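Residue numbers (this note's numbering), protein chains in the order written: chain A, 679 to 821; chain B, 679 to 821. C-beta atoms are modelled at their ideal positions from N, C-alpha and C, and glycine is treated no differently. Quick caveat: nothing in here was measured; it's all calculated off a predicted structure.
There are 2 protein chains.
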Amino acid sequence: MTTRNMEDYLEAIWNLQDKKGYVKAKDIAERLEVSRPSVSGMIKKLSENNYILYEKYGGIVFTEKGKKLAQKIKKRHNLFVEFLKIIGVSEQNAQTDACRLEHDVSPETITCLLEFVEFISLLPESSKWKEYFQEYLKKKDML
Amino acid sequence: MTTRNMEDYLEAIWNLQDKKGYVKAKDIAERLEVSRPSVSGMIKKLSENNYILYEKYGGIVFTEKGKKLAQKIKKRHNLFVEFLKIIGVSEQNAQTDACRLEHDVSPETITCLLEFVEFISLLPESSKWKEYFQEYLKKKDML
DNA sequence: AAATAAAGTTAGGTATACCTAATAAAGATA
DNA sequence: TATCTTTATTAGGTATACCTAACTTTATTT
């Protein structure tokens, strides 16, 4: 089983891989704001659980299993960010809140949220729901 | 500072208080599916942090501070449940997922979610957004 | 190539939260 | 009231995840 934390590290590694093309323990530490020993420990754990391939002082490479999981986590993260932005949360809070929300949610909720976000995104311009929503918020402000 | 766990216990105590009129450590243990020693430990901690008043082998009473926090947590929980139900999650999953989602979310997200749920709930019947949404899901099913 | 700097690991320790087994207190019943 | 049952606590131990300080390995510079 994967813990919340393993998921966070996998996601961080995925993002670094994506951005820099390689992954250094130091960068993981910086991104997650933890100490380097903490990263060492988690790398060992992820390696033992076959999410990554790793040799001491060497590089980090995803296994198929790890890649699949990392992608899944990343998708879930983006889904939450998208939703949060739809309801008006700022980019920054959307990012940090998504990191917290994305764990331990039932598959049903993921599916529903996905469909809801899709539905909203695909609404025709003419529906104007967003304008209505903003108008609603404005009215509330004035009370 | 309160941890995620303290919040879970406070919420459980609040709900039991509400339902039975009094709170026994045993009931907390059952509701949260933890052992009774775990409950003893948390009761001690909550008491030390002035969220509840407690004496060994005695009853549990909220302080003002504890009451306020418990209410806040409960409201947040209900907000998530409401939202999850709007997007079509079953009552049961909505309840369990809300328990997980309700922690560590930024105030901005709470506000946005609240306003969004309010907005959706107050839409006139004539808006028919729900029908559109269901129709959208049905069409997807058929692909 | 040797010295220095940077990156990674190990050792040892903290905090949270959990558990089982054993013990103590309270409450119910014979 | 004494016994038995239920409930609560303490003792002792596990697992996760974190930290600092000390050490090792790798990489860079001179």
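Sequence-distant residues of its chain with Cβ nearer than 6 Å to residue i (five each side left out)
i, result
"A:L710", "A690"
"B:I721", "Y732"
"B:A707", "R714 and V717"
Closest by C-alpha distance to residue i, when choosing among the options
i, options, result
"A:S784", "B:Q770, B:L815 and B:F797", "B:Q770"
"B:Y814", "A:F794, A:L762 and A:H755", "A:F794"
"B:E809", "A:K816, A:M820, A:Y810 and A:F797", "A:F797"
"A:F758", "A:L779, A:L724 and A:K698", "A:L779"
"A:I764", "A:S718, A:S725, A:E786 and A:F811", "A:F811"
"B:F740", "B:N693, B:N756, B:M820 and B:E760", "B:N693"
"B:N756", "B:E786, B:K816 and B:A776", "B:A776"
"A:E786", "B:W807, B:P802 and B:L762", "B:L762"
"A:G736", "A:S725, A:K818, A:E803 and A:G744", "A:S725"
"B:Q676", "B:S716, B:K818, B:Q749 and B:S718", "Since the first and last residues shown for chain B are 679 and 821, residue 676 of chain B lies out of range."
Beta-carbon proximity check, residue i vs residue j, cutoff 8 Å
i, j, result
"A:L688", "A:L747", "yes"
"B:V712", "B:I738", "no"
"B:I730", "B:R754", "no"
"A:R714", "A:K698", "no"
Proximal chain A residues relative to residue i, where beta-carbon distance stays under 7 Å
i, result
"B:F811", "F797"
"B:I765", "C790, L791 and F794"
"B:N771", "S784, E786 and T787"
"B:S804", "Within 7 Å Cβ-Cβ: nothing; B:S804 doesn't reach chain A, min ~12 Å."
Cut-off 8 Å between Cβ atoms - residues of its own chain near residue i, not counting five sequence neighbours on either side
i, result
"A:N727", "T680 and M684"
"A:I751", "E685, L688, E689, W692 and E780"
"B:V767", "D775"
"A:K723", "M684"
"B:D819", "none"
"A:K816", "none"
Contact set for residue i: own chain, Cβ-Cβ below 7 Å, skip 5 residues either direction
i, result
"B:H781", "R682 and E685"
"A:W807", "L801"
"A:Q773", "V759"
"A:K743", "N728 and Y729"
"A:G719", "none"
Cross-strand partners of residue i (DSSP beta bridge)
i, result
"A:Y732", "A:I738"
Chain B contact residues for residue i, given Cβ-Cβ distances below 9 Å
i, result
"A:R682", "Ordered by position in chain B, no residue passes the 9 Å Cβ test against A:R682, which lies about 10 Å from the chain."
"A:Q741", "Note that residue 741 of chain A is Thr in the sequence shown, not Gln. Here the premise fails: no neighbours, minimum Cβ distance about 28 Å."
Chain A residues whose Cβ lies nearer than 8 Å to that of residue i
i, result
"B:V759", "The premise fails here: B:V759 is roughly 11 Å from chain A at the closest Cβ pair, so nothing lies under 8 Å."
"B:L762", "T787 and C790"
"B:S768", "E786"
Per-residue contacts from residue i into chain A (C-beta, under 9 Å)
i, result
"B:L710", "Chain A residues near B:L710: none, gap ~15 Å exceeds 9 Å."
"B:L815", "E793 and F797"
Contacts of residue i in chain B (Cβ-Cβ under 8 Å)
i, result
"A:V783", "D775, R778 and L779"
Residue i: CB within 7 Å of a non-hydrogen atom of the ligand SAM
i, result
"A:I798", "Among the components modelled here there is no ligand, and therefore nothing to report on the ligand SAM."
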